[in-house]
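> Note that the protein sequences, when read in sequence, are chains A and B.
Residues in the first sequence are numbered from 65 upward in steps of one, following this note's numbering.
Residues in the second sequence are numbered from 65 upward in steps of one, following this note's numbering.
Cβ coordinates follow ideal geometry from the N, Cα and C atoms, glycine included.
Number of protein chains: 2
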Amino acid sequence: MKQAHSGAARGRGERALLDEIRQRAAGASRAGLRLGIGDDCALLAPRRGEELAVTTDLSIAGRHFRLDWHQPEAVGHRALARGLSDLAAMGARPVAAFLSLGLPRELTVATGRRPAWVERFLDGLLALAKLHNTPLAGGDLAESPLAVADIVLVGAVPRGRAMLRSGAKAGELLYVTGALGGAAAGLARLAELAEAQHGRANPPRIPKKLAAQLAPHLYPQPRIAQGLWLRRRGLATAALDLSDGLSTDLGHLCTESGVSAEVDAARLPLHPAATQAQALHGGEDYELLFTASATARVPCSIAGVKITRIGRIVKLRRGQPAVTLLTPQGPQPLAPHGWEHFS
Amino acid sequence: MKQAHSGAARGRGERALLDEIRQRAAGASRAGLRLGIGDDCALLAPRRGEELAVTTDLSIAGRHFRLDWHQPEAVGHRALARGLSDLAAMGARPVAAFLSLGLPRELTVATGRRPAWVERFLDGLLALAKLHNTPLAGGDLAESPLAVADIVLVGAVPRGRAMLRSGAKAGELLYVTGALGGAAAGLARLAELAEAQHGRANPPRIPKKLAAQLAPHLYPQPRIAQGLWLRRRGLATAALDLSDGLSTDLGHLCTESGVSAEVDAARLPLHPAATQAQALHGGEDYELLFTASATARVPCSIAGVKITRIGRIVKLRRGQPAVTLLTPQGPQPLAPHGWEHFS
Chain A
65 MKQAHSGAAR
75 GRGERALLDE
85 IRQRAAGASR
95 AGLRLGIGDD
105 CALLAPRRGE
115 ELAVTTDLSI
125 AGRHFRLDWH
135 QPEAVGHRAL
145 ARGLSDLAAM
155 GARPVAAFLS
165 LGLPRELTVA
175 TGRRPAWVER
185 FLDGLLALAK
195 LHNTPLAGGD
205 LAESPLAVAD
215 IVLVGAVPRG
225 RAMLRSGAKA
235 GELLYVTGAL
245 GGAAAGLARL
255 AELAEAQHGR
265 ANPPRIPKKL
275 AAQLAPHLYP
285 QPRIAQGLWL
295 RRRGLATAAL
305 DLSDGLSTDL
315 GHLCTESGVS
325 AEVDAARLPL
335 HPAATQAQAL
345 HGGEDYELLF
355 TASATARVPC
365 SIAGVKITRI
375 GRIVKLRRGQ
385 PAVTLLTPQG
395 PQPLAPHGWE
405 HFS
Chain B
65 MKQAHSGAAR
75 GRGERALLDE
85 IRQRAAGASR
95 AGLRLGIGDD
105 CALLAPRRGE
115 ELAVTTDLSI
125 AGRHFRLDWH
135 QPEAVGHRAL
145 ARGLSDLAAM
155 GARPVAAFLS
165 LGLPRELTVA
175 TGRRPAWVER
185 FLDGLLALAK
195 LHNTPLAGGD
205 LAESPLAVAD
215 IVLVGAVPRG
225 RAMLRSGAKA
235 GELLYVTGAL
245 GGAAAGLARL
255 AELAEAQHGR
265 ANPPRIPKKL
275 AAQLAPHLYP
285 QPRIAQGLWL
295 RRRGLATAAL
305 DLSDGLSTDL
315 GHLCTESGVS
325 AEVDAARLPL
335 HPAATQAQAL
345 HGGEDYELLF
355 TASATARVPC
365 SIAGVKITRI
375 GRIVKLRRGQ
385 PAVTLLTPQG
395 PQPLAPHGWE
405 HFS
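1) Output the residue ranges of the beta strand (DSSP E) runs that lie fully inside the stretch 183-233 of chain B and measure 3 residues or longer, sorted by chain position.
2) If you draw a straight line from the alpha carbon of residue 360 (chain B) to that of residue 235 (chain B), how long is it in whole angstroms?
3) Check each candidate in B:114, B:311, B:209, B:147 and name the one with the smallest Cα separation from residue 332 (chain B).
4) Taking Cβ-Cβ distances shorter than 9 angstroms, what residues in chain A pair up with residue 236 (chain B)?
5) At 3 residues or longer, and completely inside the stretch 120-175 of chain A: list those beta strand (DSSP E) runs for me, N to C.
6) Name, please, each residue of chain A whose Cβ falls closer than 8 angstroms to the Cβ of residue 185 (chain B).
7) Can you list the beta strand (DSSP E) stretches of 3 or more residues lying completely in the stretch 321-345 of chain B, in chain order?
8) Could you give the first and the last residue of the continuous beta strand (DSSP E) run that contains residue 374 (chain A)?
9) Does the beta-carbon of residue 338 (chain A) have 16 or more other beta-carbons within 10 angstroms, so that it is buried, or is it exposed?
10) Report the rounded CA-to-CA distance for residue 387 (chain A) versus residue 103 (chain B), giving the unit in angstroms.
11) At the 8 angstroms Cβ level, is residue 301 (chain B) part of the contact set with chain A, yes or no?
12) Count the other C-beta atoms from every protein chain shown that fall within 10 angstroms of the C-beta of residue 67 (chain A), then say buried if there are 16 or more, exposed otherwise.
13) Taking Cβ-Cβ distances shorter than 9 angstroms, what residues in chain B pair up with residue 320 (chain A)?
14) On the criterion of 16 or more Cβ atoms from any shown chain inside 10 Å, does residue 105 (chain A) qualify as buried, or is it exposed?
15) Comparing the C-beta of residue 162 (chain B) with each C-beta of chain A, is any distance below 8 angstroms?
16) Would you check whether the ligand NAP has a heavy atom nearer than 7 angstroms to the C-beta of residue 117 (chain A)?
17) Report the neighbours of residue 85 (chain A) on chain D: residues whose CB is nearer than 7 angstroms to its CB, in chain order.
18) Should residue 152 (chain B) go down as buried or exposed, given a rule of 16 or more other Cβ atoms within 10 Å for buried?
19) Does the distance from the C-beta atom of residue 114 (chain A) to that of residue 242 (chain A) stay below 8 angstroms?
20) How many Å lie between residue 253 (chain A) and residue 295 (chain A) at the Cα?
21) Note down, in chain order, each residue of its chain lying with its Cβ closer than 6 angstroms to the Cβ of residue 327 (chain B), except the 5 sequence neighbours on either side.
22) For the stretch 175-207 of chain B, list every residue whose C-beta sits within 9 angstroms of some C-beta in chain A, in sequence order.
23) Taking Cβ-Cβ distances shorter than 9 angstroms, what residues in chain A pair up with residue 211 (chain B)?
24) Which class does residue 348 (chain A) belong to by DSSP, given the choice of helix, strand or coil?
25) Going along the chain, which residues of the stretch 105-137 of chain B sit with their C-beta nearer than 8 angstroms to a C-beta in chain A?
26) Using only CA atoms, which one of B:111, B:110, B:206 lies nearest to residue 82 (chain B)?
27) Using three-state DSSP, classify residue 106 (chain A) as helix, strand or coil.
28) Would you say residue 249 (chain A) lies against chain B (beta-carbon separation less than 8 angstroms)?
29) Taking the alpha carbon of residue 166 (chain A) as the point to measure from, which residue in A:107, A:181, A:160 has its own alpha carbon closest?
30) Return the residue from the list A:162, A:366, A:137, A:225 that minimises the CA-CA distance to residue 217 (chain A).
31) Could you pull out every residue in the same chain whose Cβ sits closer than 8 angstroms to the Cβ of residue 384 (chain B), ignoring the five residues on either side in sequence?
32) For residue 290 (chain A), does the count of other Cβ atoms within 10 angstroms reach 16, so buried, or fall short, so exposed?
33) Rounded to a whole number of angstroms, what is the C-alpha to C-alpha distance between residue 124 (chain B) and residue 365 (chain A)?
34) Consult DSSP for residue 308 (chain B) and reduce its assignment to one of helix, strand or coil.
35) Going by beta-carbon coordinates alone, are residue 229 (chain A) and residue 348 (chain A) separated by less than 8 angstroms?
36) Please classify residue 118 (chain B) as buried or exposed, where buried requires at least 16 neighbouring CB atoms within 10 angstroms.
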C-alpha cells in the first residue's frame with residue numbers, strides 16, 4: 065500500500081490507518097511475497113514453471129453490500145472471498161491480495177469504545193486471508209463519499225495447467241461442490257431482519273440460532289482446497305465458480321466451451337433453507353462448477369466438501385438455449401437469470 | 065474481465081460493453097499474457113528469473129478527477145499513467161493492466177452522435193496502454209452511483225533487481241527526470257477554464273494554444289523507458305515516482321532509506337508555467353526521483369528526457385525535518401505538503 069495519492073484523506077487518521085494496515089499485514093505468511101506494503105509496487109516471486117493468475121472484484125456500498133444490512137466483518141470477508149473463489153476456479157494457490165479502498169471519513173473513525181468500521185472490515189478480510197495463507201501485499205487508500213473496495217488476488221499455477229472455462233466437451237459430466245441457493249436464502253433472511261428494525265443505520269444483530277442459516281451469504285467459503293485438488297489430479301476439463309448463479313454461470317461455461325448442457329433438477333444439491341429457484345438463479349454461493357470425463361473417477365467429497373453430479377454436457381444446439389433443465393414435467397429451457405442484490 | 069457480478073448493470077448495455085472491451089483489448093500486444101479477458105482469472109507468464117511487480121491505483125470522481133473538468137479521454141489516460149508510473153519507479157516492464165470500473169448508467173450510454181463517456185475513457189486508457197505495449201487483461205464492471213476506476217498494473221523485473229525506495233545512502237546524489245510543477249500549473253489553468261464557464265456539466269474545451277500547458281496535468285507521460293534504462297544500468301540506488309509532490313515523496317524515500325536529504329532550490333527544473341511552490345509540493349508530475357553514487361556517471365538525458373541533479377542524501381538527523389531546502393536565504397526545513405485536488 066503506497067502512501068495515498070492526492071485527494072485522499074490526509075492527516076494523522078490516514079497515516080495511522082496506513083501504518084496499522086502495514087503492521088497487521090506484516091504478520092501474515094509471506095511465501096512468494098518478496099516485498100509487501102511500503103514501496104511503489106509489491107514484488108511477487110512465483111516458483112519456477114509457474115504462471116500467475118490475476119483477478120479483480122469491485123465491491124460497492126449499496127450494490128454489493130449495504131452499510132445498514134452487513135456487519136463490516138462480513139463485508140471484508142465477502143470482498144476477499146470473491147477473489148479467492150476466482151483463484152479456486154482456476155486451481156491456483158493464493159500468493160497475495162491487494163486492496164484499493166475508498167471510504168467516507170466517518171468509517172475510519174472509532175466512535176466511543178466501538179472500533180472504526182474500517183478496523184472491523186479489516187478484521188473480517190484478514191481472518192479469511194490468514195485461513196488461506198494470503199498476505200495483504202499492497203493497495204491504495206482514498207477518501208470517498210461512497211464506500212468502495214476493489215480486491216485483487218494474485219495466485220500461481222503450474223504453467224499450462226490452470227482449469228479454464230473453455231475445456232468442456234460433449235459427453236462429459238457436470239459436477240458442483242457443496243450446496244446451492246444458501247447464499248440467496250441467507251440474503252433473503254437478512255433482508256427480513258433488516259426490515260424488521262425499520263431503517264436503523266446499523267446492521268441488525270444476528271441471533272445465534274440464525275448464524276448458520278446466514279453464513280452462506282455473510283461468510284461464504286471459497287473452495288481453494290477443492291480447486292487445488294481437482295487441478296493436481298487433472299480431473300476437471302473445465303471449471304468456474306458460481307458467483308452469478310448456476311443458470312448464468314453454466315451459460316458462460318457453455319459459451320466459452322462451445323457446448324450445451326443439461327441439468328437434472330432432481331439432482332441439484334439444494335441448501336436446506338433454499339428453494340429450487342434460489343439454487344438455480346441465486347448468486348454468490350461461490351461453489352465450483354466443473355466438468356469431467358464420463359470415465360473419470362470423481363469422489364463423493366473433496367477435502368470435506370460434498371461433490372454432486374448434476375448433469376451433462378451435450379453438443380451445441382444452435383438457436384436453442386445453451387442450458388436445459390430436466391424436470392419430471394419434461395425438459396425446460398434454463399435461461400440465465402442470475403440474482404440481483406437488493407432488487 | 066469476468067461477467068459482472070450481481071448488482072452490476074445488467075441487460076444488453078452491459079453485455080455489449082463487456083464484449084466491446086474484450087474485443088478492443090484483444091487487439092493489443094499480448095507478450096507475457098497467456099489468457100486475457102473471459103475466464104475467472106487472467107494468466108500471466110513471466111520469463112524465467114523474473115519477479116512480478118504489482119500496484120493498484122484508485123481514481124474516484126470528485127477526488128482524483130471531475131466529470132465537469134476532465135475530458136473522459138484524459139481520465140482514462142491519467143488512471144493508467146498512475147499505475148505505469150509505479151512500474152517505472154521499480155524499473156519494471158509492463159506485462160498487463162486490469163481495470164475495475166464502477167459507473168453510473170448514464171456514462172455507458174451514447175447520446176445522439178456523441179459516444180458514451182466510457183468509450184472515450186477507454187480511448188484514452190487504451191491509447192496509453194498501446195504506447196507501452198500493455199494489454200488490458202481483465203477487471204470487473206459494476207453499476208455505481210459514483211464513477212470509480214481502480215487500475216492494477218502488473219510488471220516484470222529480473223529477480224532482486226527492482227529499484228526500491230529503501231536503498232539510498234548518505235553521500236549519494238539526488239536526481240529527477242523531466243520538469244517539476246507542470247501538472248499543478250496545468251490543473252490551476254484547467255480550474256480557471258472550468259470556472260469561466262460557470263457550472264456547465266461538461267468539461268471545458270481546451271483551446272489549442274493551451275494544450276501544451278495543460279498536457280502535464282491531463283496527459284502525464286510515465287517514465288517507463290527511463291526506469292528500465294536506470295534499472296538495466298544499475299545506476300539508481302533508490303527510486304520512486306513523484307505522485308504526491310517532491311516534498312512528500314522525498315520524505316517517503318528518506319523514511320524508507322533511514323536518511324535525510326538536501327535539495328538545492330536553484331537547481332530545481334521548474335516547468336516553464338510552474339512556480340517554485342508547485343514544483344516542490346504539486347503532485348502528479350509522475351517524474352522519477354532517484355539517487356545514485358557520487359561517482360556514478362549519470363547522463364544529462366535518458367531516452368530524450370532531461371535528468372537534473374537537485375540535491376544530495378545526508379545522514380539521518382533525528383528530531384529534524386528529513387528534507388532541507390537550500391536557498392539563497394539559507395537552509396529551510398521542507399515539510400511534506402503535497403498537493404490536494406480541488407481544495
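The relevant details are as follows:
1) Those beta strand (DSSP E) runs which fall completely within the stretch 183-233 of chain B and span 3+ residues are 200-207, 212-222.
2) Reading the second sequence from its first residue, position 296 is the one you call residue 360 (chain B). Reading the second sequence from its first residue, position 171 is the one you call residue 235 (chain B). Going by C-alpha positions, residue 360 (chain B) is about 12 angstroms away from residue 235 (chain B).
3) In the second sequence, residue 332 (chain B) corresponds to position 268, counting from 1. Answer by Cα proximity: B:311.
4) On the second sequence, position 172 is the one that residue 236 (chain B) refers to. Within chain A, no residue comes near residue 236 (chain B); the closest Cβ sits about 18 angstroms away, beyond 9 angstroms.
5) Those beta strand (DSSP E) runs which fall completely within the stretch 120-175 of chain A and span 3+ residues are 157-167.
6) If you number the second sequence from 1, residue 185 (chain B) lands on position 121. Within chain A, no residue comes near residue 185 (chain B); the closest Cβ sits about 16 angstroms away, beyond 8 angstroms.
7) Complete beta strand (DSSP E) runs here, min 3: 324-328.
8) Position 310 of the first sequence, counting from 1, holds the residue named residue 374 (chain A). Counting along the chain, the beta strand (DSSP E) containing residue 374 (chain A) begins and ends at 369-378.
9) Your numbering for residue 338 (chain A) matches position 274 in the first sequence. Answer is buried; the Cβ neighbour count reaches 16.
10) The residue given as residue 387 (chain A) occupies position 323 in the first sequence. The residue given as residue 103 (chain B) occupies position 39 in the second sequence. Each residue's alpha carbon lies about 19 angstroms from the other.
11) Here residue 301 (chain B) refers to the residue found at position 237 of the second sequence. No, no contact with chain A.
12) Locating residue 67 (chain A) in the first sequence gives position 3, where the first residue counts as 1. Only weak support is given to the placement of residue 67 (chain A): the predicted model assigns it a pLDDT of 44, under 50, and the value that follows is read from those uncertain coordinates. Under the 10 Å beta carbon count, residue 67 (chain A) is surrounded by 16 or more other beta carbons and is classified as buried.
13) By 1-based counting over the first sequence, the position of residue 320 (chain A) is 256. Simply 102, 103.
14) For the purposes of this step, residue 105 (chain A) is taken as residue 41 along the first sequence, with counting starting at 1. With at least 16 other beta carbons inside 10 angstroms of its own, residue 105 (chain A) counts as buried.
15) Walking along the second sequence from the start, residue 162 (chain B) turns up at place 98. Chain A contact via Cβ: present.
16) Absence of the ligand NAP from the depicted structure is noted, as is the absence of any ligand whatsoever, leaving it without description.
17) No chain D is present in this structure, whose protein chains are A and B.
18) Stepping through the second sequence from its first residue, residue 152 (chain B) is reached at position 88. Note on residue 152 (chain B): 16 or more other CB atoms within 10 angstroms of its CB, so buried under the neighbour-count rule.
19) The residue given as residue 114 (chain A) occupies position 50 in the first sequence. The residue given as residue 242 (chain A) occupies position 178 in the first sequence. Between residue 114 (chain A) and residue 242 (chain A), the gap from beta carbon to beta carbon reaches 8 angstroms or more.
20) As a position in the first sequence, residue 253 (chain A) is number 189, starting the count at 1. As a position in the first sequence, residue 295 (chain A) is number 231, starting the count at 1. Approximately 35 angstroms, taken between the alpha carbons.
21) Sequence index remark: in the second sequence, residue 327 (chain B) carries index 263 (1-based). Excluding positions up to five away in sequence, the list reads 374, 375, 389.
22) Listed by position along the chain: 201, 202, 203, 204, 205, 206, 207.
23) Here residue 211 (chain B) corresponds to residue number 147 of the second sequence, with the count starting at 1. Ordered by position in chain A, no residue passes the 9 angstroms Cβ test against residue 211 (chain B), which lies about 10 angstroms from the chain.
24) Looking up residue 348 (chain A) in the first sequence gives position 284. Under the three-state reduction of DSSP output, residue 348 (chain A) falls in the coil class, being neither helix nor strand.
25) Interface annotation for the stretch 105-137 of chain B against chain A: 105, 106, 107, 108, 109, 110, 112, 115, 116, 117, 118, 119, 120, 121, 122, 124, 126, 127, 128, criterion Cβ-Cβ distance under 8 angstroms.
26) Locating residue 82 (chain B) in the second sequence gives position 18, where the first residue counts as 1. If we check each option's Cα against that of residue 82 (chain B), B:206 comes out closest.
27) Here residue 106 (chain A) refers to the residue found at position 42 of the first sequence. In the structure shown, residue 106 (chain A) sits in a strand (DSSP, three-state: E or B).
28) Taking the first residue of the first sequence as 1, we reach residue 249 (chain A) at position 185. Output row for residue 249 (chain A): interface = no.
29) Here residue 166 (chain A) corresponds to residue number 102 of the first sequence, with the count starting at 1. Put simply, of A:107, A:181, A:160 the residue whose alpha carbon is nearest the alpha carbon of residue 166 (chain A) is A:181.
30) Position 153 of the first sequence, counted from the start, is the residue given in the question as residue 217 (chain A). Answer by Cα proximity: A:162.
31) For the purposes of this step, residue 384 (chain B) is identified with residue 320 of the second sequence, where counting begins at 1. Short of 8 angstroms from the beta carbon of residue 384 (chain B), and not among the five residues preceding or following it, lie these beta carbons of its own chain, in chain order: 324, 397.
32) Numbered from 1 along the first sequence, position 226 holds the residue referred to as residue 290 (chain A). Residue 290 (chain A) counts as buried, since no fewer than 16 other beta carbons sit within 10 angstroms of its beta carbon.
33) Position 60 of the second sequence, counted from the start, is the residue given in the question as residue 124 (chain B). Position 301 of the first sequence, counted from the start, is the residue given in the question as residue 365 (chain A). The straight-line gap from Cα to Cα measures roughly 44 angstroms.
34) Reading the second sequence from its first residue, position 244 is the one you call residue 308 (chain B). DSSP, read as helix, strand or coil, puts residue 308 (chain B) in coil.
35) As a position in the first sequence, residue 229 (chain A) is number 165, starting the count at 1. As a position in the first sequence, residue 348 (chain A) is number 284, starting the count at 1. Not in contact: residue 229 (chain A) and residue 348 (chain A) (Cβ atoms no closer than 8 angstroms).
36) Start at 1 with the first residue of the second sequence, and residue 118 (chain B) comes out as number 54. That one is buried.
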